[in-house]
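So that you can map any letter, position 164 of the sequence shown is 164 in the working numbering, and since no number is skipped, the others follow by simple counting. Below is one structure, written out as structure tokens; the observations come after it.
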Amino acid sequence: MQRLPYAQWDHNSIFKLEPGKVIEVEDEEIGTIDLKFNFDSPDRTARYGLCGHATEVLPAERDTLSRLARRFPTRNETVQLVAKLYWQDEPCQSEAEILKEVHKITAEEPKVKDHVPDVIWSHTFKGASTVKIRRASGTNDGQRGSRALYIIVFRKLRPITQLSGDKFLRAWWHAVE
């Protein structure tokens, strides 16, 4: 039995996720972004628990995302995209902002440039926060420790585990150097 409607818990109604269904997200800068997730992919990873960010990484596709991906120069020739959905602490800097700073550093360190994912698009879902549920449950400071729903779309990187021999050692060395 559900005591409160989803809207009162800040449930984001855009995510009525069904396999094969296209989801449209309004972005202030770009306009409408259409997303389609592949839930049956063997590349899908999910991490759920009481602690953590409930991160879900799954293949994504659609026309708008593909057009955005073509605007970014890269040596990563893949056309495959992945979406990372996760709940992050609201006061913290978003992962997309951190990756922008990392890309500035990689401009000066070309050896590591190909090891950092290209952010094609990112979005913070306004109105999808854990503040309401924290306050309703009597948490003293509902704002502190609250999380917001984020999505980041990347070009798919080839996992280091798919490399062998010298290519594996070279990629590993670039990562730890």
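Idealized CB from N, CA, C, for every residue including glycine.
*Contact belief for Lys84 with Ile30 at Cβ below 8 Å, rounded distance in angstroms*: About 18 Å separates the two Cβ atoms, so there is no contact after all.
_Can you look up Lys126 in the DSSP assignment and give me helix, strand or coil?_
strand
*Determine the extent of the alpha helix (DSSP H) in which Lys100 is found, giving its start and end residues.*
95-106
*Whole angstroms is fine: what's the gap from Ile105's alpha carbon to Phe37's?*
31 Å
_Suppose you measure from the CA of Thr32 to the CA of Glu26; what does that come to, to the nearest Å?_
Thr32 and Glu26: Cα-Cα distance of roughly 5 Å.
*asked:* Going by C-alpha to C-alpha distance, which of Glu177, Leu35, Lys126 sits closest to Thr64?
replied: Leu35
_Reduced DSSP category for Thr74 - H, G, I as helix; E, B as strand; rest coil_ = The DSSP-derived three-state label of Thr74 is coil.
*Got a sec? Which residues, its chain only, sit under 7 Å from Ser41 by beta carbon, not counting five neighbours each side?*
Leu58, Pro59.
*Alpha carbon to alpha carbon, what distance is there between Glu90 and Tyr73?*
Looking at the sequence itself, residue 73 is Pro, so the reference to Tyr does not match. Approximately 31 Å, taken between the alpha carbons.
*Could you spell out the range, first to last residue, of the beta strand (DSSP E) harbouring Pro59?*
56-61
*Buried or exposed for Phe154, please, with buried defined as at least 16 other CB atoms from any protein chain shown within 10 angstroms of its CB.*
buried
*Can you tell me which of Leu81, Glu28, Glu177, Lys126 puts its alpha carbon nearest to the alpha carbon of Arg44?*
That would be Leu81, whose Cα lies nearest to the Cα of Arg44.
*What residues in its chain sit with their C-beta under 6 Å from that of Arg170, if we drop five residues either side in the sequence?*
none
*Around the C-beta of Pro117, are 16 or more other C-beta atoms found within 10 angstroms, so that it is buried, or is it exposed?*
buried
*asked:* On the CB-based measure, 16 or more other CB atoms within 10 Å of its CB, does Ile160 come out buried or exposed?
replied: exposed
*Do Lys156 and Thr78 have their C-beta atoms closer together than 7 Å?*
yes
_Selected residue, minimal CA-CA separation from Leu177, among Arg70, Leu149, Ile120, Glu109_ = Inspection of the sequence shows that residue 177 is occupied by Glu rather than by Leu. For Glu177, the closest of Arg70, Leu149, Ile120, Glu109 by C-alpha to C-alpha distance is Glu109.
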